Each structure stands twice: as structure tokens, then as C-alpha cells.
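Written out below as C-alpha cells is the structure these notes cover.
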Amino acid sequence: MTISQTRGPAGWTVSGLLAEIADIGRDDDGSYSRFSLSPEDRSLRQWFISRAEELGLEVSIDPDANIWAWWGPEGPGAVLTGSHLDSVPGGGAYDGPLGVASSLAAVARLRARGFRPSRPVAVVMFTDEEGAGFGMPCLGSRLAAGVLPADRALELRARDGAPLAEAWQDAGMDAGMDAGELGPVEWLTTARCFVELHVEQGRGLADLDAPVAIASAVRPHGRWRLEFTGQGNHAGTTLMADRHDPVVPLAATVLAARRAATETSEESGAVATVGRVEVVPGGTNVIASAARMWLDCRAESADVVHAVVAQVEAEARAAAHQEGCGFELVQESWTPRTAFDPELKATMAHVLGDVPELSTGAGHDAAVIAGIMPTGMLFVRNPTGASHTPDEYASPADCEAGATALATILEELAR
Ligand SMILES: [Zn+2]
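Under my numbering, the first residue of the sequence shown carries the number 1199, and numbering increases by one thereafter.
Spelled out as C-alpha cells, the structure:
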């Protein structure tokens, strides 16, 4: 870990905080793979705890492995901010960590200038926002908000196939497991509001030439797992006519997803992505016995998402049938369209002055929390417009503008 800041919390900058964790989970190509509760993520958690304690905050970990850093007593009526530290495979340095670092920097500034909140303020680091660790995006916030039942979460598995309970115990996060406490965090439902700052994941702010925006809504999105089962066999001795190769309908389905989304995308904003496939057993000279793919689909309206997925499902089923393969489709997650709280948005706009509003196709913990309390989001300009890649970026000056905006909002909400 590079310790680049020696001046104490009053001198913290967002880019300085991010520089401290720049080496954790970085791959050779400059991208980041920081899966939730992996050794890399545990180093990030330690960093968050040590920085929060240096800031004089009281740290607690809930049964869902989310970490909370409290300014004032843990309890009802709180103003919450924060984001996540985990990443997708091969992700960037800003998606998640920018929000956590900006929250710490914003609280440091408010403390340095002698602000005394009249209600508790907490910075949260949510577990497995990307879902790359356990296959369920926003796992920690869904559990804490009570929108994901504990028994459903306990069916999830880590990337290596280990059951969630085992993986969490290995990571020292067994609090909720033995006691069956995994699930809603009681006082969370009595908090006043949540504001998440996030790097923008498109080119909206770059095109508008502005450093910061207020989020209007998150478009609906879901994830589906498609499983094709066939007959494993020898690649050299099995005649073409005798094959039941599940990779063939999988390939047809990847193209079907591209087609289904493209047909409507201009009016509906539909996008469909197959970013993960698994071929079992995965040998060059072996006809596969099973093949899985994951479909991520989003659009302006839920109806369009469901129509695109229904078309993909029909084509997948037909392709599987033609190859003599089995087929199953399982919905792994669904997030409805989330419009952020109008009153909170108005307050944010009032204190920030002339700031643009943007909607996004990316999912966030804030979209989950919006279901149980007034929630808002800030976006910080990403000049490349790219996200979930190492090209994701926010300039030091824009990072500071984001933290300043967040501090202004927290001060207004907690005064
Ligand atoms: Zn994120």
C-alpha cells in the first residue's frame, strides 16, 4: 500500500486516497479485479476501516458484511453516504472507490471546518455491489434493505463454487451465518436518506462539459443465466451428425441477444450483453457436456427488457432443440426502474446551483436503497465515457469537485 498522504484527514484529497489503494488488486494491464471478500477486497476493507478510524468515526460491520463508519451515534434518522470497493473482473479504479473516497474526504472537510451535525452521519461500504463475488449484484445493500431474503442469499456461491456461508466464514465474516441474522439492518430502515457519489459510466457529463451531475433515474435491468446441456464426447471420433454440442446453441444465442436488442435499441435504449460464458469441462479436444452464458439486459422500460429476453429465450430454446440439447433459463436478478427521490433531488439541486441531471443504465446500491428511503446520487465526469475497463477515469480536479458537492449536500441534510 502506498501511503501518499501525511497531512492527516484535514489534508485528504480524493485522488490521494485513491492512490493509497492503487496497487490493491491491480492486474498487469492496469485493470482491477477486486472480488468481494477476496484477499484483495479484504485489504480494501482494512484500508477503509483504518481511514475511517483516523477520521474519528466509529466503525461497525453488519451481519451482511457491509461496513459502516459513524459520525455520531449509530441509530435512526441518519444521513448515509458511501458506495462500494469491489470491482468487476478487469474493472477500473473509480467505479465504487471514487464514492467511498469522496465520502471520507467530504466528512474530513466538514470536520475540519468545525461542522457539527445535528443527526448521525454514516459512510457505508456495501458488500459485492458488482455481483462478481457471489453472482448477485448489490448483495449487501439488498440484504440490508430486506429486499433479498436470507435463505436466497445462502444459496449463492462464490466464484470457486464454495457456498456463500463457507466463503464468508473463510473471510472472517461469519457474524450473520451462525445466528441466522443475515438480512435486514433494522436501523437502516429508519435512516433519513442516502446519497451515493459515483463516477459516471457514460459520456453525458463530458458532452455537457460539466464536472458533476445529479442522477434522475436508474433504468430497469436484469441478469439471466442460460444453461445448455448436451453430450460430452471425443472431438476426433464423434461424427458431426452424432453430436449434441451445447456450445452450438450457446453461440446462436449470443447472436440472438445482439439481434433482439439492436432491433429496438434506437427507440427503447435496449442493450443486451453476454459477458460471461462457461464451457464444461472446457477441453480443446472435448465436445462439451454443458455450456452456460449470462445475459445482462437493460432498457428505458421493463416491458422492453422482458420482450428482448423473451425473444432471446425463444431463439435459445429452438437452437437447443435443433442440436438435441437441453435448455433452461433462470432469472438471477431484477432491478426495476428507479426514479430518485424528487424532494431530495430538489434539495441537492438547490444547494449545488446550476448542475445537470442525468439518468443511467448502470445499477447501483443507491437504486436498491431508494426502495426504502429517500435516495439521491451524484455523478462525476468520466472523460473517456468508459467503465468496467481500465480506461475509466476522473481527473483529480473533478474528484475534488465531486467531494465538495457531496460535503455541501451532507452539511445541508445533517444540519
Ligand atoms: Zn459502482
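For glycine and all other residues, C-beta sits at the position ideal for the given N, C-alpha and C. Remember, predicted model here, so these are calculated numbers, not experimental data.
- In this structure, DSSP gives Ile1247 a helical state, which the three-state scheme calls helix.
- For His1419, the shortest C-beta to heavy atom distance toward ligand 1 is 7 Å or greater.
- In this structure, ligand 1 has no non-hydrogen atom nearer than 7 Å to the beta-carbon of Gly1331.
- Remark: C-beta atoms of Thr1533 and Gly1561 approach each other more closely than 8 Å.
- Runs of the beta strand (DSSP E) lying entirely within the stretch 1448-1506 and spanning at least 3 residues, in chain order: 1469-1478, 1488-1496.
- If you draw a 10 Å sphere on the C-beta of Asp1326, you find 16 or more other C-beta atoms in it, and that means buried.
- Under DSSP, Ser1258 takes part in a beta bridge, and its partners are Trp1266.
- Residues lining ligand 1 by the Cβ criterion, that is a Cβ closer than 5 Å to any of its heavy atoms, are Asp1293, Gly1294 in chain order.
- Around the beta carbon of Asp1293, 16 or more other beta carbons sit within 10 angstroms, so the residue counts as buried.
- Put simply, the stretch 1509-1526 touches the stretch 1423-1437. At least three CB pairs are less than 8 Å apart.
- Using a Cβ distance threshold of 8 Å, Pro1554 and Ala1411 count as a contacting pair.
- For Ser1241, the closest of Ile1222, Val1257, Arg1249, Asn1483 by C-alpha to C-alpha distance is Ile1222.
- Taking C-beta atoms under 8 Å as the contact rule, Glu1610 and Phe1313 fail to qualify, at a distance of about 11 Å.
- In the three-state DSSP reduction, Arg1515 falls in the helix class (H, G or I).
- In the three-state scheme derived from DSSP, where H, G and I count as helix and E and B as strand, Val1277 is classed as strand.
- Exclusion of the five residues before and after Val1549 leaves Thr1606, Ile1607, Glu1610 as the residues of its chain whose Cβ lies within less than 7 Å of its Cβ.
- CA-CA distance, Asp1260 to Ala1592, rounds to 31 Å.
- With 16 or more other CB atoms across the displayed protein chains lying within 10 angstroms of its CB, Asn1580 is buried.
- According to the DSSP secondary-structure assignment, Tyr1230 is paired through a beta bridge with Arg1224, Gly1289.
- Look at Ile1219 here: in three-state DSSP terms it is coil, with no helix or strand label.
- DSSP places Gln1429 outside any beta strand (DSSP E), giving it a letter other than H or E.
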